[in-house]
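Our numbering applies: residue 3 is where the sequence shown begins, and numbers increase by one.
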Amino acid sequence: MPQFDVSSIGFYVLDILGRPVSRIPEGGRADYIEEIRMTVAGTAGATGMDCAILG
3 MPQFDVSSIG FYVLDILGRP VSRIPEGGRA DYIEEIRMTV AGTAGATGMD CAILG
């Protein structure tokens, strides 16, 4: 059986972030932005990523 140092149990969420946002488009319309970034979030997802980065 594998042995683990950390178990991350909880929510895993994918956040999609866009910038810059100069205004909120009216309903049903779209606008252009320069950058879109996807990040891991949630109580378990962010903790798991932090543990992986720290080693």
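Note that beta-carbon positions come from the ideal geometry of N, C-alpha and C, so glycine has one too.
Values in this document were obtained by computation on a predicted structure and should not be read as measured data.
Range of the contiguous alpha helix (DSSP H) that encloses residue i
i: residue 52; result: 45 to 56
Contacts around residue i, its chain only, beta-carbon distance under 7 Å, and the 5 residues preceding and following it disregarded
i: residue 45; result: 12 and 13
i: residue 23; result: 35
Delimiting residues of the beta strand (DSSP E) encompassing residue i
i: residue 21; result: 15 to 21
Same chain, Cβ closer than 8 Å to residue i, five either side skipped, listed in chain order
i: residue 38; result: 18, 19 and 20
i: residue 27; result: 33
Same chain, Cβ closer than 6 Å to residue i, five either side skipped, listed in chain order
i: residue 43; result: 15 and 17
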